[in-house]
Ligand SMILES: *Cc1c(COP(=O)(O)O)cnc(C)c1O
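In my numbering, the protein residues as written are 268 to 552.
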């Protein structure tokens, strides 16, 4: 898969925030591929490498009907000449994401919500005897995914005090924490959880071990993919002022939360705060 790396970093300011002493920057991983969400591409790098090393020809993965991980896997499989198959949560539907997945040759298996819960079982039932099949968990969540994300830290040209990302499975935050520790930097790795999930911090630790991170779990605005008029208005104002495209599922909640933290005097004066734009915006077909 052709990726535009390293992704650029730009300064921005929040339209409603009067804190000239704080410097905000965004790393535009949304620009590394037109369809593949930045962090999904980074998370797949070593999973693809392992699949190829093991001689696997079929990627088998899991996601909801709007999953950018499915899209990323479909593109990656096509680019690498591999087959791809996805268990899609819920009843059969059509949308732009799934249309793109099918266009890239991905086979979709719609799976009822109860069976979907046990992904290992689904894989074993159908592919247990297929030596060509390679299991990739939902969202790519794995140590190899964190390893891919950790490389992003090598792309930072200067120092920052905080590095924030939005968290779904938390593999991206685990990767940032790992990379920062490997490079022995003093940057704080911080995540904004976009969903209600009590065990999230534990799951992140299981990927990054003792590498420190801070998880903020009070900014999910009601849960995964939940929105409200205030959030939507905030996003519209932000985009109009900065021209940085964000959406309500991940990056909208991330940027709004960081502004809120600034208002609460979470940051020391003169802090340099970097936000990771993980992508998530599908171009209009
Ligand atoms: C998938 C996704 C995330 C969540 O990444 P995790 O590694 O699962 O925490 C964040 N932002 C965007 C845009 C995504 O598509």
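Just so it is clear, CB atoms sit at the ideal spot from N, CA and C, and this is done for glycine as well. All figures in this text were calculated on a predicted structure; none of them were measured in a lab.
Contact set for residue i: own chain, Cβ-Cβ below 7 angstroms, skip 5 residues either direction
{"i": "residue 301", "result": "550"}
{"i": "residue 342", "result": "268, 302, 303, 371"}
{"i": "residue 525", "result": "431, 540, 542"}
{"i": "residue 369", "result": "375"}
{"i": "residue 315", "result": "343, 347"}
{"i": "residue 400", "result": "323, 325, 327, 394"}
{"i": "residue 362", "result": "332, 333"}
Segment limits, alpha helix (DSSP H) that includes residue i
{"i": "residue 400", "result": "Looking at the DSSP string, residue 400 is not in any alpha helix (DSSP H); the run it does join, the beta strand (DSSP E), is 400-402."}
{"i": "residue 394", "result": "386-394"}
{"i": "residue 519", "result": "518-530"}
{"i": "residue 503", "result": "496-509"}
{"i": "residue 449", "result": "438-449"}
Unbroken beta strand (DSSP E) run spanning residue i, endpoints
{"i": "residue 461", "result": "Residue 461 -> no beta strand (DSSP E), and no H or E assigned at all."}
{"i": "residue 271", "result": "No beta strand (DSSP E) contains residue 271, which DSSP labels as neither H nor E."}
{"i": "residue 380", "result": "It is not in any beta strand (DSSP E) - residue 380 instead sits in the alpha helix (DSSP H) that spans 380-383."}
{"i": "residue 290", "result": "290-295"}
{"i": "residue 481", "result": "481-483"}
{"i": "residue 328", "result": "325-330"}
{"i": "residue 416", "result": "Unbroken run through residue 416 is the alpha helix (DSSP H), 410-417; no beta strand (DSSP E)."}
{"i": "residue 354", "result": "350-356"}
{"i": "residue 539", "result": "539-544"}
{"i": "residue 431", "result": "429-434"}
6 angstroms CB neighbourhood of residue i in its chain, flanking five on each side removed
{"i": "residue 352", "result": "327, 374"}
{"i": "residue 359", "result": "377"}
{"i": "residue 383", "result": "356"}
{"i": "residue 439", "result": "306, 416, 432"}
Option in the options with minimal Cα separation from residue i
{"i": "residue 566", "options": "349, 433, 283, 402", "result": "Residue 566 cannot be examined here, being either before or after the span of the chain that is shown, 268 to 552."}
{"i": "residue 335", "options": "435, 457, 447", "result": "435"}
{"i": "residue 481", "options": "463, 497, 454", "result": "454"}
{"i": "residue 306", "options": "442, 502, 516", "result": "442"}
{"i": "residue 446", "options": "548, 474, 376", "result": "474"}
{"i": "residue 479", "options": "458, 310, 312", "result": "458"}
{"i": "residue 317", "options": "273, 532, 411", "result": "411"}
{"i": "residue 520", "options": "528, 530, 488, 298", "result": "488"}
{"i": "residue 419", "options": "295, 548, 380", "result": "295"}
{"i": "residue 406", "options": "338, 498, 537", "result": "338"}
beta-carbon residue i near ligand 1 non-hydrogen atom, thresh 8 angstroms
{"i": "residue 517", "result": "yes"}
{"i": "residue 336", "result": "yes"}
{"i": "residue 408", "result": "yes"}
{"i": "residue 446", "result": "no"}
{"i": "residue 439", "result": "yes"}
{"i": "residue 328", "result": "no"}
{"i": "residue 304", "result": "yes"}
{"i": "residue 546", "result": "yes"}
{"i": "residue 353", "result": "no"}
{"i": "residue 360", "result": "no"}
{"i": "residue 307", "result": "yes"}
{"i": "residue 331", "result": "no"}
{"i": "residue 525", "result": "no"}
{"i": "residue 310", "result": "yes"}
{"i": "residue 412", "result": "yes"}
{"i": "residue 436", "result": "yes"}
{"i": "residue 554", "result": "With the chain represented from 268 up to 552, any question about residue 554 goes unanswered, as that position is not in the structure."}
{"i": "residue 461", "result": "yes"}
Residue i: CB within 8 angstroms of a non-hydrogen atom of ligand 3
{"i": "residue 432", "result": "This structure lacks ligand 3; the ligands present are ligand 1."}
Test: residue i CB closer than 9 angstroms to a CB of chain B
{"i": "residue 277", "result": "Protein chains in the displayed structure number just one, and chain B is not present."}
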